[in-house]
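All remarks here apply to the structure that follows.
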Amino acid sequence: GAGVSQTPSNKVTEKGKYVELRCDPISGHTALYWYRQSLGQGPEFLIYFQGTGAADDSGLPNDRFFAVRPEGSVSTLKIQRTERGDSAVYLCASSRAGGGEQYFGPGTRLTVT
Amino acid sequence: QQPVQSPQAVILREGEDAVINCSSSKALYSVHWYRQKHGEAPVFLMILLKGGEQKGHEKISASFNEKKQQSSLYLTASQLSYSGTYFCGTERRTGFQKLVFGTGTRLLVSP
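Structural data, given as structure tokens:
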């Protein structure tokens, strides 16, 4: 069966530009998570969806970051006015229900120049 | 708030054993263990939900001491494929959902 997929795999953008990162979770998984991982660090929680709603967005660093999951499946992480400090690998994970094992996608490597 | 893992790094010869520890300053509901190889996504190993619970499969097992807010991952008779960075992910209470990942332990198994 298909795992979690993320597109694009790599994204290079200029400072100040807007980017969208897409996550397609495992079919049937109702919970979806976004994490950010910097080199040599563990994943850092950004936001968690249960179905269509954001159940916990406490990890979003500021209001430049926003995520949606309009139909309870695919999710898009949106970053406005990108900054060089936003450069990282953005990981998406899904699980059957909140709190269970999470299955990670391959990530999107974002580089802001 | 981030769980602290020890050791930071370990080098083993194939067949040797290792223990990786994860300590939290906060009370925990569950601990998840993941292994990540360079340039790849973290891969789920196991989840421990109850204090004192010990789980395992094949030669990888783990324990969770709820009172001490600690978990340990045990790797026995290590294989080359065990190389990677190990992360614990902690959940503070049921329904809290988000995982707070530890500082990571880099493991290298050599022939």
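Note that the protein sequences, when read in sequence, are chains A and B.
Following our numbering, the numbering of the first sequence begins with 1 at its first residue and continues without gaps.
Following our numbering, the numbering of the second sequence begins with 1001 at its first residue and continues without gaps.
All C-beta atoms, glycine included, are put in the ideal place defined by N, C-alpha and C.
Helix or strand or just coil, what does DSSP make of A:Tyr-35?
Strand at A:Tyr-35.
Can you check whether the C-beta of B:Leu-1048 is within less than 8 Å of a C-beta belonging to chain A?
Not closer than 8 Å to any Cβ of chain A, the Cβ of B:Leu-1048 fails to qualify, so no.
If we cut at 8 Å on Cβ distances, does B:Pro-1007 have a partner in chain A?
Not an interface residue.
Of the residues B:Phe-1064, B:Leu-1099, B:Leu-1012, which one's Cα is nearest the Cα of B:Ser-1110?
Taking only the C-alpha atoms, the option nearest B:Ser-1110 is B:Leu-1012.
What's the C-alpha gap between A:Glu-20 and B:Ser-1030?
Those two C-alpha atoms are separated by around 32 Å.
So B:Leu-1099 packs on B:His-1032, CB below 8 Å; how close in whole Å?
Sure, about 6 Å apart at Cβ, within 8 Å.
A:Tyr-48 versus chain B: which residues are under 7 Å apart at the beta carbon?
By Cβ distance, chain B contributes Gln-1097, Lys-1098.
Give me, in chain order, the residues of the same chain whose beta-carbon lies closer than 8 Å to that of B:Thr-1103; leave out the 5 immediate sequence neighbours on both sides.
For B:Thr-1103, where only same-chain residues beyond five positions count, the Cβ hits under 8 Å are Gln-1002, Pro-1003, Val-1004, Gln-1005, Gln-1008.
Does chain B have any CB closer than 8 Å to the CB of A:Tyr-90?
A:Tyr-90 does not count as touching chain B.
Shorter than 8 Å from the beta carbon of B:Phe-1101 to some beta carbon of chain A?
True, the Cβ-Cβ gap to chain A drops below 8 Å.
When DSSP labels each residue in this structure, what does B:Leu-1028 get in the three-state scheme?
Coil at B:Leu-1028, not helix or strand.
Residues of chain B with CB closer than 8 Å to the CB of A:Gly-51, please, in chain order.
Per Cβ cutoff of 8 Å: no residues; A:Gly-51 is ~13 Å from chain B at best.
Using 10 angstroms around the beta-carbon of A:Gly-16, count the other beta-carbons present and answer buried if the total reaches 16, otherwise exposed.
Exposed, since its Cβ has fewer than 16 Cβ neighbours within 10 Å.
Starting from A:Ala-55, find everything on chain B with Cβ-Cβ shorter than 8 Å and list it in chain order.
The contacting residues are Gln-1097.
When you compare only the Cα positions, how much space is there between B:Lys-1067 and B:Leu-1028?
One C-alpha to the other measures close to 9 Å.
Whose C-beta lies closer than 7 Å to the C-beta of B:Leu-1049 among residues of the same chain, with five residues either side of it excluded?
Same-chain partners within the cutoff: Ser-1030.
Work out the CA separation of B:Asn-1065 and A:Ser-158 for me, nearest whole Å.
Residue 158 of chain A lies beyond the range of chain A shown here (1 to 113); nothing can be said about it.
Using DSSP with H/G/I as helix, E/B as strand and the rest coil, what is B:Arg-1093?
Three-state DSSP puts B:Arg-1093 in coil, outside helix and strand.
Relative to the C-alpha of B:Arg-1035, which candidate in B:Ile-1060, B:Gln-1069, B:Ala-1077 has its C-alpha closest?
With distances taken between Cα atoms, B:Arg-1035 lies closest to B:Ile-1060.
Under 8 Å by Cβ, that's how I've got A:Leu-60 and A:Ile-47 pegged, so tell me the actual separation to the nearest angstrom.
Confirmed, Cβ separation roughly 6 Å.
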